[in-house]
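**Q** Sharing a structure with you now.
Protein chains: 2
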Amino acid sequence: MFRTHTNGELTLKNLNEKVTLSGWVQTIRDKGFMVWIDLRDRYGITQLVFDADRTSAEILENAKKLGREFVIQAEGTVIERASKNPKIPTGEIEILVEKLTILNSAELPPFTIEDETDGGEELRMKYRYLDIRRNPVKDKLIFRHKMAQKVRNYLSDKGFIEVETPVLIKSTPEGARDFVVPSRMNQGQFYALPQSPQTFKQLLMVGGMDRYFQIVKCFRDEDLRADRQPEFTQIDCEMAFVEQEDVLEIFEGMTAHLLKDITGKEFGKFPRMTFDEAMKTYGNDKPDIRFGMKFVEVNELVQGKDFKIFDEAELVVGINVEGCADYTRKQIDELIDWVKRPQIGATGMVWIKFQNDGVVTSSVNKFYSEEDLKKISEKFGAKEGDLMLLMSGNANKVRTQLSALRMELGNRLGLRKGDEFAPLWVIDFPLLEWDEETGRYHAMHHPFTSPKPEDVHLLETEPGKARANAYDMVLNGNEIGGGSVRIFNKELQSKMFDLLGFSKEEAEAQFGFLMNAFKFGAPPHAGLAFGFDRLVAILDGNEVIRDYIAFPKNNSGRDVMIDAPSPIHDDQLNELALKVNL
Amino acid sequence: MFRTHTNGELTLKNLNEKVTLSGWVQTIRDKGFMVWIDLRDRYGITQLVFDADRTSAEILENAKKLGREFVIQAEGTVIERASKNPKIPTGEIEILVEKLTILNSAELPPFTIEDETDGGEELRMKYRYLDIRRNPVKDKLIFRHKMAQKVRNYLSDKGFIEVETPVLIKSTPEGARDFVVPSRMNQGQFYALPQSPQTFKQLLMVGGMDRYFQIVKCFRDEDLRADRQPEFTQIDCEMAFVEQEDVLEIFEGMTAHLLKDITGKEFGKFPRMTFDEAMKTYGNDKPDIRFGMKFVEVNELVQGKDFKIFDEAELVVGINVEGCADYTRKQIDELIDWVKRPQIGATGMVWIKFQNDGVVTSSVNKFYSEEDLKKISEKFGAKEGDLMLLMSGNANKVRTQLSALRMELGNRLGLRKGDEFAPLWVIDFPLLEWDEETGRYHAMHHPFTSPKPEDVHLLETEPGKARANAYDMVLNGNEIGGGSVRIFNKELQSKMFDLLGFSKEEAEAQFGFLMNAFKFGAPPHAGLAFGFDRLVAILDGNEVIRDYIAFPKNNSGRDVMIDAPSPIHDDQLNELALKVNL
Chain A
7 MFRTHTNGEL TLKNLNEKVT LSGWVQTIRD KGFMVWIDLR DRYGITQLVF
57 DADRTSAEIL ENAKKLGREF VIQAEGTVIE RASKNPKIPT GEIEILVEKL
107 TILNSAELPP FTIEDETDGG EELRMKYRYL DIRRNPVKDK LIFRHKMAQK
157 VRNYLSDKGF IEVETPVLIK STPEGARDFV VPSRMNQGQF YALPQSPQTF
207 KQLLMVGGMD RYFQIVKCFR DEDLRADRQP EFTQIDCEMA FVEQEDVLEI
257 FEGMTAHLLK DITGKEFGKF PRMTFDEAMK TYGNDKPDIR FGMKFVEVNE
307 LVQGKDFKIF DEAELVVGIN VEGCADYTRK QIDELIDWVK RPQIGATGMV
357 WIKFQNDGVV TSSVNKFYSE EDLKKISEKF GAKEGDLMLL MSGNANKVRT
407 QLSALRMELG NRLGLRKGDE FAPLWVIDFP LLEWDEETGR YHAMHHPFTS
457 PKPEDVHLLE TEPGKARANA YDMVLNGNEI GGGSVRIFNK ELQSKMFDLL
507 GFSKEEAEAQ FGFLMNAFKF GAPPHAGLAF GFDRLVAILD GNEVIRDYIA
557 FPKNNSGRDV MIDAPSPIHD DQLNELALKV NL
Chain B
7 MFRTHTNGEL TLKNLNEKVT LSGWVQTIRD KGFMVWIDLR DRYGITQLVF
57 DADRTSAEIL ENAKKLGREF VIQAEGTVIE RASKNPKIPT GEIEILVEKL
107 TILNSAELPP FTIEDETDGG EELRMKYRYL DIRRNPVKDK LIFRHKMAQK
157 VRNYLSDKGF IEVETPVLIK STPEGARDFV VPSRMNQGQF YALPQSPQTF
207 KQLLMVGGMD RYFQIVKCFR DEDLRADRQP EFTQIDCEMA FVEQEDVLEI
257 FEGMTAHLLK DITGKEFGKF PRMTFDEAMK TYGNDKPDIR FGMKFVEVNE
307 LVQGKDFKIF DEAELVVGIN VEGCADYTRK QIDELIDWVK RPQIGATGMV
357 WIKFQNDGVV TSSVNKFYSE EDLKKISEKF GAKEGDLMLL MSGNANKVRT
407 QLSALRMELG NRLGLRKGDE FAPLWVIDFP LLEWDEETGR YHAMHHPFTS
457 PKPEDVHLLE TEPGKARANA YDMVLNGNEI GGGSVRIFNK ELQSKMFDLL
507 GFSKEEAEAQ FGFLMNAFKF GAPPHAGLAF GFDRLVAILD GNEVIRDYIA
557 FPKNNSGRDV MIDAPSPIHD DQLNELALKV NL
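Right, here's the structure in full:
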């Protein structure tokens, strides 16, 4: 037996017990006549003490020869520590070691296995198996596991069945970002890896499965923006015989269940915001509502005062930054430079200070009287000590720019707290998006997304105004899940394909298979999918998903640990009837 | 709201309630003045009644127009049935329908959606989404879900962490059966899909994860024997700081937990059988011990009696088929023909009958006296009415042949009952297998499998006799799981590579990555993997795994429903820098 206990469980209750522990040598303190070793495993750290007086000189000598990360087994007696460590559960005891076995030696690791390591990102990725030994990484993987278990049990209790859908599927014409898999048994033919199990979950609804879920790997071969992974995990869900309300209820219940587990707090009903409201109030369809700085539109107050920039703007909109009236000119200029960066692209920014002395002043005093400025301040609900920042221009653009500024200030002012959670639903998304480039409509969600019943008539007249029965769950400024009620009516589906500019043949080629299945009695159904990697990161108070993936890939889609992808042998290519043609 | 209740829950308790149900039309009985419809969903069937007297003529007319598999919604009142159906939970009530809505019409399905369908395998696979509506398929998928949940909860409770390992990994030189995935971002390079997460789970042990599991898809591009799938699911597990005994204990606990859930019975400790014993007693390393017919070796009783075939045989071995002494000559000849088929390859078979009248007779009376035959019968433990069947030849061959016969007779005699479970561990497998073709040893399990400590010395002298710390869990004649204690000692690992005939360079190329990780302090570890598809099938009293997979592939690796694999567009190939070269 390698151990009687783990390194996280012995306390004063075990005093004088003979125990055997195993683990990695975390630290060695050699005081000559005595040696202390912190022995580590997944469960914690237990201090070992070696002492020639109380055991043997030989064992003390052996202990001195150990190195960091050696794997050892120690037998001994639980004794009370002289100097206790209240920070760890085992901090009141230590093990007086009577027998020491080296299970495995270790080369010096390329970085320290400490919570604060000296290893850079690149090095830690290459030796990910060592990085996992560190608490910050290990704890994240354990947290992920716990969340997955909670999701599975919650949904199972609600009658959802986890069904494994295939990984080797068919490449579709729209599958430009599909990974493909050549088949040896069917040379010249390819499977594709699923970007999502969308088709299969809808088929399961046609198949009467009623409530389906799956925590499932999905794949997308695309240029990786920071913090995207070519393989990622979804909580994929679908329900039959439901309306939007049923879906929202189940999945806010699930999310509240997870949040309660983490915070101990009840979250009840989540707020709901329409897409239009979100865009108007936060410039963003995934608003972080942990903090205020809601958008205030002031066209009617600022226009007509000869300030040309505002006069010509489609929208003049600003935010009130509470308590920041004391920003220096330098601080404000830095903010103005920040919004002018090409990533944001603003042309400028106007500030108004409601000073602590009651005076309201601004960068546009030339055009506005103090009375004008007071009226504007009033509209913002500003009080003494507040700083208002105003931007102007094309409505869509300026909202996006101001949203970026709002988030930046939220970060800088510490308003985006990792242990605070503000979930909401964003609903009533537009059904269609007009694409200037192709001169046609695109489905904002996907072509099976149902319009809101009361907007169906708009499809004939003003399709761009039709809203969809689509919904996103937003948590702390991140879209963590989204979905829609699906169209299950043939006529409406045809109408949609027309609007999207698909010919009958194109619609048939891209969606014919699913449409065919729908002929045999498709029930009304709706669903959604959560990005599990991101959900877990945010629930853990983080935003970087990579830390929550055991073996992630880098921004070039490479696994630097195993060095994949890599060239393959010619005979493998031959068997697949393939030639690399660089 | 589409429904107030499902079709499986209304009983007399709900009498006179107004309810709304939705589902598929299973059957319509039209008696002119009245119509009955069985409405089906995942949860059951509820009878709807339409009656012009009690509701309206219009609704009756509409009901008559419905077709099988139409999706409808019915509002009405729960009433007591005149003729009750005790076979279903809702059999005492029916719904007097007051409002009927057709949610979707349906074309006539290509086969009947009944427990006993008229659809052939091929057709049902093509329309798998309709096949899933049938109880026999739907119930199997739900059973699979329940087993997965039970496994996850059991292992989580035991401190195992489910860690998702990557699907896009690296192809290795031994990966002849790897599916590969061309990368677009790294043209000319390929990922591989994992045949198992073996490397990653060992890395997780190096990473201190201590107890890992994962229910995970694995992939193998090989010629598919009947009932193999190119993508299959494993319960993959690994533990650190354990010996073989710890692994056996945890996983027989897990399996007993599942079996108890199914049978209500306690299974306690599983029997253990060494590989040698299994081969000698059942001719098979995965014996079905639900029934007897253990092998009896009779060389010393039958040799030296001038029966040349037996005299020249390395082994004469037989089974006692209880109660079959009354088999006719024709029946026995058919059995002899059966073992002579090329798939079995026996040259003949001797029978001995212990007749009900006490006379012992045989097909080789010429060579053996009745006294001889009685002695043989005694060895077999045969009694009046039993039939002994004896085969002879090369020991390994004859055991395999007799094992096939034993299983065939087990099936024919109804001794292999689906609702009876006989799990066992087969242990002490040979470490190495001699390959005549290549003239070298192969690892029977894999090259990291540890020899039994007491057999390590044999590696120097008689490596073929060394036994491994490897184990299989066998259930009802199927290997459902297997694994081993891993080598974590560098010297022993080098010795193994030598024995397997790997040069230093080859070992480095194939296993260098893992060996390198081992340098940084690998703990002792061991693990195993269950074939989840098969496990579920057997636990459900079945042996065909395809029924337990929602969307399986056929024997050519094709998904006939979605028609995958299939050719892809030239521009997709170009982006991957690939050319198909048929």
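So the sequences go chain by chain: A and B.
To convert, take the position in the first sequence, counting from 1, and add 6; that gives the numbering used here.
To convert, take the position in the second sequence, counting from 1, and add 6; that gives the numbering used here.
The beta carbon of each residue, even a glycine, is placed where N, CA and C say it ideally should be.
Taking L254/B as the query, report the chain A residues whose CB atoms sit under 9 Å from its CB, ordered along the chain.
**A** Result: empty, since nearest Cβ-Cβ is about 14 Å, beyond 9 Å.
**Q** If I'm right that F5/A touches I65/A with Cβ under 8 Å, what's the distance once you round it to whole angstroms?
**A** Here chain A comprises residues numbered 7 to 588, so residue 5/A is not present and cannot be evaluated.
**Q** Under a three-way DSSP split, which group does A476/B fall into?
**A** In this structure, A476/B counts as strand in the three-state DSSP scheme.
**Q** Rounded to a whole number of angstroms, what is the C-alpha to C-alpha distance between E376/A and D294/A?
**A** Going by the C-alpha atoms only, they are around 33 Å apart.
**Q** Could you work out which residue in I99/B, D44/B, K311/B and I85/B is closest to I78/B when comparing CA atoms only?
**A** When each option's Cα is compared against that of I78/B, the closest is D44/B.
**Q** Is the Cβ of T171/A closer than 8 Å to any Cβ of chain B?
**A** Yes, T171/A lies at the interface with chain B (some Cβ there is under 8 Å from its Cβ).
**Q** Any beta carbon from chain A within less than 8 Å of T239/B's own beta carbon?
**A** Chain A contact via Cβ: present.
**Q** Could you check what DSSP says for F2/A in three-state terms: helix, strand or coil?
**A** Nothing about residue 2/A can be read from this structure; chain A reaches only from 7 to 588.
**Q** If you follow the beta strand (DSSP E) that V187/B is in, where does it begin and where does it stop?
**A** Note, V187/B: beta strand (DSSP E), V186 to P188.
**Q** Using the beta-carbon count (16 or more within 10 Å), is R335/A buried or exposed?
**A** R335/A should be labelled exposed.
**Q** Return no unless some Cβ of chain A is closer than 8 Å to the Cβ of R130/B.
**A** It does not; no Cβ of chain A falls within 8 Å.
**Q** Whole angstroms is fine: what's the gap from R190/A's alpha carbon to G194/B's?
**A** Between R190/A and G194/B, the C-alpha separation is close to 18 Å.
**Q** Kindly indicate the opening and closing residues of the beta strand (DSSP E) around H448/A.
**A** Residues R446 to A449.
**Q** If we ignore side chains and look at the alpha-carbon of each, how far apart do A523/A and Q516/A end up?
**A** So the two alpha carbons sit approximately 14 Å from each other.
**Q** Consult DSSP for N13/A and reduce its assignment to one of helix, strand or coil.
**A** Three-state result, N13/A: coil.
**Q** Who are the near neighbours of L545/B in its chain, counting only those whose CB is closer than 7 Å to its CB and skipping five residues on each side?
**A** If we look at L545/B and ignore the five residues flanking it on each side, its Cβ neighbours are M153, L264 and I268.
**Q** Compare the C-alpha of E384/A against each of K346/A, V308/A, D425/A and Y333/A and name the closest.
**A** Looking at the Cα atoms, V308/A is the closest of the given residues.
**Q** Can you check whether the CB of T367/A is closer than 8 Å to the CB of Q361/A?
**A** Yes, Cβ-Cβ distance for Q361/A and T367/A is below 8 Å.
**Q** What number of angstroms, rounded off, separates the C-alpha of L579/A from the C-alpha of V586/B?
**A** Distance between the alpha carbons of L579/A and V586/B is about 10 Å.
**Q** How many Å lie between E120/A and D252/A at the Cα?
**A** Computed Cα separation, rounded: 47 Å.
**Q** Counting beta carbon pairs with one atom in the segment 153-172 of chain B and one in the segment 125-133 of chain B, are three or more of them shorter than 8 Å?
**A** No, they do not touch.
**Q** I need the straight-line Cα distance from V187/B to P203/B, nearest angstrom please.
**A** V187/B and P203/B: Cα-Cα distance of roughly 17 Å.
**Q** Of all the options K144/B, K156/B and T287/B, which has the alpha carbon lying nearest to the alpha carbon of Y49/B?
**A** When each option's Cα is compared against that of Y49/B, the closest is K144/B.
**Q** Please report how far the alpha carbon of E15/B lies from the alpha carbon of T96/B, in whole angstroms.
**A** Their backbone Cα atoms lie some 7 Å apart in a straight line.
**Q** Would you mind giving the Cβ-Cβ distance between I325/B and F301/B, rounded to the nearest angstrom? I have them listed as a contact below 8 Å.
**A** Confirmed, about 6 Å.
**Q** From what residue to what residue does the beta strand (DSSP E) around P110/B run?
**A** It is Asn, not Pro, that sits at residue 110/B in the sequence shown. Residues I99 to N110.
**Q** Does the beta carbon of F196/A sit closer than 8 Å to a beta carbon anywhere in chain B?
**A** Closer than 8 Å: yes.
**Q** Alpha carbons only, please: which of E442/A, Q235/A and I493/A is nearest the one belonging to G470/A?
**A** When only C-alpha atoms are compared, the closest one is E442/A.
**Q** Check the Cβ-Cβ distances between E168/B and every residue of chain A, and say whether any is below 8 Å.
**A** E168/B counts as touching chain A.
**Q** What residue range does the alpha helix (DSSP H) around K359/B cover?
**A** It is not in any alpha helix (DSSP H) - K359/B instead sits in the beta strand (DSSP E) that spans V356 to F360.
**Q** Quickly, what does DSSP pair P457/B with across the bridge? List them, please.
**A** Bridge partners of P457/B: A474/B.
**Q** Could you list which residues in chain A have their beta carbon closer than 7 Å to that of S509/B, in chain order?
**A** Neighbours of S509/B on chain A: none; closest Cβ ~18 Å, over 7 Å.
**Q** Could you pull the DSSP bridge partners for K585/B from this structure?
**A** Beta-bridge pairing links K585/B to K585/A.
**Q** Taking 8 Å as the cut-off, does the segment 479-495 of chain A touch the segment 529-547 of chain A (at least 3 CB pairs, one atom from each stretch)?
**A** Flag = yes, the segment 529-547 of chain A and the segment 479-495 of chain A touch.
**Q** Taking contact to mean at least 3 C-beta pairs separated by less than 8 Å, is the segment 310-324 of chain B in contact with the segment 337-348 of chain B?
**A** With a cut-off of 8 Å, the segment 337-348 of chain B and the segment 310-324 of chain B do not count as touching, because too few Cβ pairs lie within range.
**Q** On a CA-only basis, which of N417/B, G489/B and S177/B is nearest G483/B? Give me that one, please.
**A** Checking every option, the nearest Cα to that of G483/B belongs to N417/B.
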